[in-house]
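Reading through the structure tokens given below for one structure.
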Amino acid sequence: MRPIATSVLRPYVCPSCRSARTLSRRKFSSKPTSPAEIYDVVCVGGGPAGLALLAALRASPATSKLKVALVESQDLDKARSFKLDSQHFSNRVSSLTPSSVSFLQKIGAWNHLDVSRTQPYQGMEVWDGETGSKISFDWSSETSPFEDLQTVATMTENANLVHGLLSRIAASGDENLSIFSKATVSSIENGTASESGWPDLSAWPVLSIAPAGNPPQSTAMPSRIAARLLVGADGINSPVRRYADIATDGWDYQRHGIVATLSLADQVPPAFPTGTRTAYQRFLPSLGGPIALLPLPNNHATLVWSTTVENAAYLKSLSPKAFIAMVNAAFRLSMPDLQYMLRMERPSSTPDLNEEPHESELTWRLQHTPPVPQLPPMVTGVQENSVASFPLRFRHASSYISPRVALVGDAAHVIHPLAGQGLNLGLGDVASLSSTIEYAVNHGMDIGDILTLERYTADRWATNAKIGGTCDVLHKLYNVPGQGPVAWGRSLGFEIIDRLPFVKGFLMRNADS
Amino acid sequence: MAPLRPSARAASLLFRPIPHRYHSTSATTSVSASEVSHFSSLASSWWDPMGPSRVLHLMNPLRHDFIASCLFDAPSENTLIAGANPNPLHYLDVGCGGGIFAESLARTIPLPESKTETGVETVTRAASITAIDPTSTLIQIACDHARKDPKVSAHLDSGRFRYVNCTLEDVVAQTSTSTVSSLDGAGGELVQREDGFDIITLFEVIEHIDTNASISPLSFLTDCLRLLKPGGWLVGSTIARTWPSFLINQVIAEAPWPIGVVPKGTHEWRKFVNPDELKRWASEGLMRCSDLERGSVMRSGSEALNGMRWKCEGVVYFPGLGWKFLPGSESWGNYFWAIRKGV
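Protein chains in written order, with the working numbering: chain A, 1 to 513; chain B, 1 to 343.
As structure tokens, this is what we get:
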């Protein structure tokens with residue numbers, strides 16, 4: 001825990017130790033400094049979580065009067081001018097659950113998104129590449145045949161979401177709002193009491209910010225800002241979390257997630273009812289994780305393939321044609337076939353013949369593989385420069401709060417992407433924190449006080465731990481190759497869940513909480 | 001399932017501060033010295049969110065909810081005028097202690113500099129708050145804590161928020177004499193408002209008043225009602241004197257850690273007040289108040305109670321969940337009460 005001069009949170013610190021802490025802190029605050037500009041909420045990080053928090057605060061009548069600031073090191077003007085044609089999609093796409101979408105609707109942000117670029121899907125096929133056991137997620141068991149099928153989730157480009165949130169915030173006016181784009185936080189320290197003794201900011205976080213980039217732009221930016229409540233939406237290596245001295249626990253999965261934007265062949269037979277789309281996920285236990293194909297508009301799809309670091313490097317080095325062949329193979333071929341194909345010699349020079357070795361290998365092997373009913377349409381193309389990878393990690397902060405500090409999104413938790421829940425958890429944090437702040441404003445509470453913030457951590461910590469833990473267990477279960485007892489057990493679980501509609505409904509509602 | 005009593009905020013309501021600045025007519029001390037020293041020993045941990053006053057801090061938002069429900073039931077006259085200041089109410093917090101309620105209420109007062117704030121109706125509709133307590137250490141703690149918040153500090157500077165180290169009798173005496181000459185020296189602070197207060201709060205106070213020949217909860221309530229504007233609300237909270245409240249407040253809540261949540265010696269069960277007693281005293285107080293206002297030898301009858309409203313709502317502390325309103329529990333545990341003076 002960071003030293004706190006006045007607000008003594010931990011009752012087990014004896015009085016003499018408290019005074020020692022105070023003294024050691026004072027040594028650092030003796031340097032001459034300009035007075036800090038005081039804000040009610042300062043959010044570090046302008047990703048989806050940070051911007052959603054700002055948009056939520058601006059949307060509520062009670063919190064719209066708060067003086068808020070956001071500090072982001074990237075250039076938000078680029079996000080504001082986000083524009084792509086309807087045949088191209090960013091490779092950073094998230095699957096938003098219905099409750100995330102309704103939260104975005106509630107704060108008035110959803111209308112600012114380009115909805116034609118989002119793709120809801122109504123069904124999800126998940127199966128085990130080792131044993132073939134499968135499960136189909138949709139709401140058909142809870143929907144009458146005369147209603148439209150409910151959405152399982154909506155695929156949304158992160159850039160589209162950020163763009164929509166920024167224009168929602170812009171639409172709320174600029175009173176009491178400061179967005180410091182291209183600004184870096186050089187330090188966060190506790191403030192000091194002013195000459196007259198008050199206001200006494202000795203328990204308040206004070207950020208030193210500076211324009212980033214060379215040459216620094218000449219915008220009006222205060223060098224020091226004090227925060228009644230400092231929100232860390234600043235990602236896995238959160239400086240705010242480090243300042244608050246909140247411990248974080250976790251591990252690296254030694255896996256990478258490969259993403260790409262793909263185009264698909266027409267579905268045969270066409271989907272029924274017309275216009276419904278399906279997501280596909282196949283667990284590949286021998287290859288280190290699942291491959292998922294999630295629908296985008298105009299017969300496009302986004303790929304998320306979690307696999308070992310070596311496999312990821314191999315896949316990224318392939319030519320587009322070979323990459324497409326590997327993705328199609330990963331949904332269709334058996335584990336030994338795939339392992340063989342992932343070790344194939346890559347053509348050293350330009351492919352002289354129009355026959356690509358991976359393609360011909362796939363064609364030949366498919367003739368000897370019995371087809372399964374739930375296959376996705378064939379992938380026909382990969383968007384240029386869209387293949388990328390990122391390391392998979394698990395992190396969970398020991399607490400989300402400290403006096404005058406709250407963490408949201410990746411700063412608080414990073415989970416395995418196999419259920420597509422990462423951004424949804426972040427938006428859940430934001431919904432909870434913004435309603436906590438609203439309650440505090442309406443009840444005269446100090447929004448940075450621990451008595452206020454403990455409502456937020458009580459609401460979110462266990463939920464996030466539950467979902468993150470479930471994803472972790474699934475990852476571990478589906479990394480046991482072969483046909484041993486673990487494979488048998490997990491397949492039995494799959495089959496049972498698939499046959500019991502109420503269990504499935506319960507699981508789906510939980511994933512949407 | 002526990003009607004717990006949060007540790008009381010100001011034990012020493014009628015205790016006179018020693019360096020006293022007013023010529024006051026009342027000279028009675030009704031709170032025992034042991035109770036005063038009990039709360040003085042808690043003073044340093046008053047604002048520790050995990051300290052002995054935690055249960056009290058957790059109750060504070062419900063006070064706001066209860067006041068909001070009173071304002072909803074019977075809005076003050078001057079909040080109904082169109083185009084007028086949407087937040088016109090003047091509050092008096094009697095027995096403010098370390099300022100848990102007073103500071104939270106001050107935070108809802110709009111800053112006049114802020115255009116976005118002043119035009120909008122707040123939940124509390126507060127324009128100002130004066131908080132009084134006779135114990136100087138508590139007033140000092142309250143002031144020191146308020147200075148840590150720039151907004152509250154600005155209200156202290158502007159006088160919209162004031163802490164005054166005095167007794168309720170001092171305020172009444174000022175109002176009745178209403179001559180500045182009765183104050184000795186320039187340092188004297190005047191609490192008086194010409195036309196009284198819109199809302200007077202009395203949270204966790206009434207059960208700490210000793211009954212003797214000259215002081216009783218009745219005379220105390222009468223004094224509060226005298227300071228209230230017609231149509232204003234006197235709002236408070238206390239505990240009913242029943243066997244469940246004895247068991248929970250005296251035996252369980254004051255048990256040693258980790259079972260107990262309030263410090264030992266905080267409560268004296270026999271001083272607890274039942275809702276029907278409170279309502280009787282308050283009605284009697286309104287009649288006495290009317291007598292004093294008329295200055296007539298004729299005693300007021302029930303006409304003094306015209307337009308009076310009475311509200312009472314029980315609250316229960318659920319460990320792990322916090323305080324919840326629970327209708328019906330007022331007859332055996334903690335409860336909020338309010339009385340509105342007729343117009």
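We put the beta carbon where it would ideally sit given N, CA and C, even for glycine.
Quick caveat: nothing in here was measured; it's all calculated off a predicted structure.
Other residues of its chain near residue i: CB distance less than 6 Å, five sequence neighbours each side excluded
{"i": "C143 (chain B)", "result": "Y163"}
{"i": "Y439 (chain A)", "result": "none"}
Residue-level contact to chain C via CB, residue i, 8 Å cutoff
{"i": "V316 (chain B)", "result": "Any reference to chain C falls outside this structure, whose protein chains are A and B."}
Cβ-based neighbour list, residue i, same chain, cut-off 7 Å, excluding 5 preceding and 5 following
{"i": "H163 (chain A)", "result": "A79, R80, F82"}
{"i": "V430 (chain A)", "result": "A49, A52, L53, A56, V408"}
{"i": "H57 (chain B)", "result": "P49, I100"}
Candidates the options, of which the one nearest residue i by Cα
{"i": "I530 (chain A)", "options": "A:E157, A:L66, A:V71, A:A52", "result": "Examination of residue 530 (chain A) is not possible in this model, given that chain A is present from 1 through 513 alone."}
{"i": "T201 (chain B)", "options": "B:D133, B:R280, B:V273", "result": "B:D133"}
{"i": "H396 (chain A)", "options": "A:T457, A:L287, A:N190", "result": "A:T457"}
{"i": "D149 (chain B)", "options": "B:F318, B:E254, B:T108, B:T130", "result": "B:T108"}
{"i": "A127 (chain B)", "options": "B:A173, B:A68, B:P112", "result": "B:P112"}
{"i": "L234 (chain B)", "options": "B:V316, B:I199, B:V262, B:N249", "result": "B:I199"}
{"i": "A173 (chain B)", "options": "B:G314, B:C224, B:V316", "result": "B:C224"}
{"i": "I179 (chain A)", "options": "A:V42, A:I291, A:S317, A:L492", "result": "A:V42"}
{"i": "I258 (chain A)", "options": "A:V101, A:A292, A:F394", "result": "A:A292"}
{"i": "A36 (chain A)", "options": "A:I169, A:G129, A:A170, A:I225", "result": "A:I225"}
{"i": "T130 (chain B)", "options": "B:I209, B:V120, B:S158", "result": "B:S158"}
{"i": "R509 (chain A)", "options": "A:P377, A:S64, A:Q87, A:S99", "result": "A:S99"}
{"i": "T248 (chain A)", "options": "A:S402, A:T131, A:G288, A:A412", "result": "A:A412"}
{"i": "V473 (chain A)", "options": "A:T380, A:A322, A:H416", "result": "A:H416"}
{"i": "L507 (chain A)", "options": "A:S172, A:G129, A:D138", "result": "A:D138"}
{"i": "T276 (chain B)", "options": "B:C96, B:N165, B:Y335", "result": "Here the sequence assigns Asp to residue 276 (chain B), which means Thr is not the residue at that position. Looking at the Cα atoms, B:Y335 is the closest of the given residues."}
Segment limits, alpha helix (DSSP H) that includes residue i
{"i": "M335 (chain A)", "result": "335-341"}
{"i": "W514 (chain A)", "result": "Examination of residue 514 (chain A) is not possible in this model, given that chain A is present from 1 through 513 alone."}
{"i": "F220 (chain B)", "result": "217-226"}
{"i": "M59 (chain B)", "result": "54-73"}
{"i": "E345 (chain A)", "result": "Unbroken run through E345 (chain A): none, as it is neither H nor E."}
Same chain only: Cβ atoms within 8 Å of residue i, ignoring 5 sequence neighbours per side
{"i": "Q518 (chain A)", "result": "There is simply no residue 518 (chain A) to check, as chain A begins at 1 and stops at 513 in what is shown."}
{"i": "A183 (chain A)", "result": "V71, E72, S73, I209, A210, P211, A212, M221"}
N- and C-terminal bounds of the beta strand (DSSP E) containing residue i
{"i": "A183 (chain A)", "result": "183-190"}
{"i": "N334 (chain B)", "result": "334-340"}
{"i": "Q281 (chain A)", "result": "278-284"}
Where residue i falls, given that 16 or more other Cβ within 10 Å makes a residue buried
{"i": "E204 (chain B)", "result": "buried"}
{"i": "A84 (chain B)", "result": "exposed"}
{"i": "V414 (chain A)", "result": "buried"}
{"i": "I285 (chain A)", "result": "Per the sequence presented here, residue 285 (chain A) reads as Pro, with Ile not at that position. Under this definition P285 (chain A) is a buried residue."}
{"i": "G46 (chain A)", "result": "buried"}
{"i": "G514 (chain A)", "result": "It is not possible to answer for residue 514 (chain A), since the shown part of chain A is limited to 1 through 513."}
{"i": "A313 (chain A)", "result": "exposed"}
{"i": "K341 (chain B)", "result": "buried"}
{"i": "A465 (chain A)", "result": "exposed"}
Test: residue i CB closer than 8 Å to a CB of chain B
{"i": "G191 (chain A)", "result": "no"}
{"i": "L451 (chain A)", "result": "yes"}
{"i": "I38 (chain A)", "result": "yes"}
{"i": "N442 (chain A)", "result": "yes"}
{"i": "D174 (chain A)", "result": "no"}
{"i": "D200 (chain A)", "result": "yes"}
{"i": "V8 (chain A)", "result": "Residue placement at V8 (chain A) is flagged as unreliable, the pLDDT there being 41, under the threshold of 50; the coordinate-derived value follows with that caveat. Yes, contact with chain B."}
{"i": "D459 (chain A)", "result": "no"}
{"i": "M155 (chain A)", "result": "no"}
{"i": "A203 (chain A)", "result": "yes"}
{"i": "D446 (chain A)", "result": "yes"}
Below-8 Å beta-carbon distance, residue i vs any chain A residue
{"i": "R107 (chain B)", "result": "yes"}
{"i": "P319 (chain B)", "result": "no"}
{"i": "P49 (chain B)", "result": "yes"}
{"i": "S136 (chain B)", "result": "no"}
{"i": "K229 (chain B)", "result": "no"}
{"i": "P402 (chain B)", "result": "No answer is possible for residue 402 (chain B): the residues shown for chain B start at 1 and end at 343."}
{"i": "S41 (chain B)", "result": "no"}
{"i": "S53 (chain B)", "result": "no"}
{"i": "S300 (chain B)", "result": "no"}
{"i": "D149 (chain B)", "result": "yes"}
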